[in-house]
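Take a look at the structure below.
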Amino acid sequence: MRDDEILTKIGALVDEEHELRNRLSTGEVTTDEEHERIKQLESALDQCWDLLRQRRARRSAGEDPDNAAARPANEVENYSQ
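Each step along the sequence shown adds one to the number in our numbering, with nothing skipped, and position 61 is 1320.
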């Protein structure tokens, strides 16, 4: 996945998060449904940001950014930034 594709995916995930919060405020989803989906979205966002950082680091080091690979969610969640 190229950098621009990753950024597009990040944007879509953030948009979905905002839409979900709006749907919660109008009663279209329950708090439990919202919390569960938010956890999934946050995990996907963590993976996207990690992959983007890997690609940028590889490029900066003169390596091929296409050799970067998405890591499992449990590995990238809760990284300190």
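The beta-carbon is built from N, C-alpha and C at its ideal position, and this holds for glycine as well. Remember, it's a predicted structure, so these values are computed and weren't measured experimentally.
Span of the alpha helix (DSSP H) holding residue i?
i              : result
glycine 1270   : 1262-1284
aspartate 1305 : 1290-1319
glutamate 1334 : 1332-1335
With the cut-off set at 9 Å, would you say residue i and residue j are in Cβ contact?
i              : j             : result
leucine 1310   : alanine 1332  : no
leucine 1300   : leucine 1266  : no
arginine 1317  : proline 1324  : yes
aspartate 1262 : arginine 1315 : yes
The segment 1265-1277 / the segment 1303-1310 touching (three or more Cβ pairs under 8 Å): yes
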